[in-house]
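Numbering of the sequence shown is given in the working numbering, commencing with residue 287 and proceeding in unit increments. The beta carbon of each residue, even a glycine, is placed where N, CA and C say it ideally should be.
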Amino acid sequence: MVALRLIAKTKSKKALNASDACILVALFFNTALHADVFIMVVHGGFGFHVQDIAMRFGPDVLTVFFKCIMVFALLWNATTCFTKLSVLLMYMSIFPVRRVILPCKILAVFIILWNTGGILGGVLVCRPFAMNWDQTIPGGKCGNQPMYYMALGVINILVEVTILALPLPVLYNLQMPMRKKIVIISMFSVGFATCAITIYRQATLPDLQFADMTHSGAVATLLSGLEPSVALALACVPFLRPLFGGMFGSSQKGSSYANVKPKTESYKKGSKRSESRDFEELQDDASEIQLRPVMPMRDTLVVSDRIAASRSLKDLKGDGITVERQWEVDTSEDGNAPHRG
């Protein structure tokens, strides 16, 4: 999905932005996350009971597993953090209005702080540090690990629901046919599938026994690996429209999510000239986005000024076109002499 997102960016001739950078970082950590799970399965006895691993494969295999499960929590936090940041940056780019940008910034700060705390918690939950994989160290102790995982999951669900619900009011108020509005809202709502996975994962945590983590934690660990992968893939869906543009209808602008019929307005300068412009008109009065021209704009600025005889036209600043008019008026008493302009 990330590759398709980049292809769509290339096809629409758009440069990579901060959202794309975050999704690439998330992809890196997600790849490392699944490599970690692979090591747990192949070299850590993942899926077997702890006693069976100790008897059949030896204690070194258990050490590998518990090292990997500790790293797993760190990689999960990093993947989740950058995936959510990518979505928030996408919102800020698509919906440049204060009622979206401000909540996105607040959520971004919270996500960074929370996931940083999650990484520190995964490292410091056991003291000394080696206690994470060697429970036989004299005097070592670990904190409430089940509560650590439960807190990560609950806060993650709340943040995901908040992020997914954030653009829905703006999308609902778009002035477009209801069919297209439903398609767009559905496109931005597919992330609720991630919430379903997270909720199911949380339901398995009460059955988690850390004394037999290799067996009892199999389902929870696999769901924890699936959750950020699905979230990462779904974060790319809104960018795939250039690849399947015909399925969503055509539009005048490749990056637009709606077909907006242009309106023509005439602007007259006295009775001499009129000029037409095409606009995309946003009907929402509460929106901070103003009328945006569809076609290139051409503005005419007429300036009337009195120029002293001693002042040169070169003194006038600006890159526009300067028109100089000189008049010679004959003020003879008979009034029959012609005047020139």
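What separation, rounded to the nearest whole angstrom, lies between the Cα atoms of residue i and residue j?
i, j, result
"Ala517", "Thr480", "6 Å"
"Met473", "Ala519", "12 Å"
"Ala301", "Arg291", "12 Å"
"Met464", "Met326", "49 Å"
"Val469", "Met462", "11 Å"
"Val411", "Ile471", "41 Å"
"Leu348", "Gly503", "14 Å"
"Phe496", "Met433", "12 Å"
"Phe332", "Glu446", "29 Å"
"Leu399", "Trp419", "26 Å"
"Glu567", "Tyr486", "Low confidence applies to Glu567: its pLDDT is 45, below 50, so where it sits in the model is not reliable, and the reading given next is rough at best. Distance between the alpha carbons of Glu567 and Tyr486: 44 Å."
"Met376", "Leu450", "12 Å"
"Val288", "Met341", "43 Å"
"Lys353", "Ala482", "29 Å"
"Arg384", "His329", "51 Å"
"Ala506", "Ser475", "24 Å"
"Ala312", "Leu460", "31 Å"
"Trp362", "Phe351", "16 Å"
Under the three-state reduction of DSSP, which class applies to residue i: helix, strand or coil?
i, result
"Cys522", "coil"
"Lys427", "strand"
"Leu292", "helix"
Return no unless some Cβ of chain D is closer than 9 Å to the Cβ of residue i.
i, result
"Thr369", "You won't find chain D in this structure, because it holds only one protein chain."
Relative to the C-alpha of residue i, which residue among the options is closest?
i, options, result
"Leu438", "Val505, Lys391, Pro389 and Cys367", "Cys367"
"Ser515", "Ala294, Lys299, Asn316 and Asp306", "Asn316"
"Ile405", "Asp322, Val445 and Met356", "Met356"
"Gly477", "Leu460, Leu452, Ala489 and Leu494", "Leu452"
"Val373", "Lys299, Ser305 and Pro345", "Ser305"
"Leu360", "Val409, Phe314 and Ala521", "Val409"
"Leu494", "Gln431, Leu460, Phe530 and Cys522", "Gln431"
"Thr484", "Thr500, Ile441 and Ile293", "Ile441"
So the alpha helix (DSSP H) residue i belongs to, where does it begin and stop?
i, result
"Ser298", "Per DSSP, Ser298 belongs to no alpha helix (DSSP H) and is neither H nor E."
"Met464", "Met464 to Ser475"
"Asp306", "Ala304 to His329"
"Gly344", "Per DSSP, Gly344 belongs to no alpha helix (DSSP H) and is neither H nor E."
"Gly403", "Arg384 to Leu410"
"Thr500", "Met499 to Ser502"
"Pro455", "Leu454 to Tyr458"
"Thr422", "Here Thr422 belongs to no alpha helix (DSSP H), and DSSP marks it neither H nor E."
"Arg487", "Phe478 to Thr490"
Which residues in the same chain as residue i place their Cβ atom closer than 7 Å to its Cβ, once the five residues preceding and following it in sequence are excluded?
i, result
"Gly511", "Leu319, His320 and Val323"
"Arg413", "Gly426 and Lys427"
"Ile423", "Pro414, Ala416 and Met417"
"Lys299", "none"
"Pro389", "Leu452"
"Asp498", "His335 and Val336"
"Ile339", "Gly331, Val347, Leu348 and Thr500"
Take residue i and list the residues in its own chain whose beta-carbon comes closer than 6 Å to its own, dropping the five residues that flank it on each side.
i, result
"Met436", "Leu491"
"Met378", "Ile387 and Cys390"
Please return the same chain residues whose Cβ sits closer than 8 Å to the Cβ of residue i, not counting the five positions on each side in sequence.
i, result
"Tyr458", "Lys467 and Ile471"
"Cys522", "Met287, Val288, Leu290, Arg291 and Ile309"
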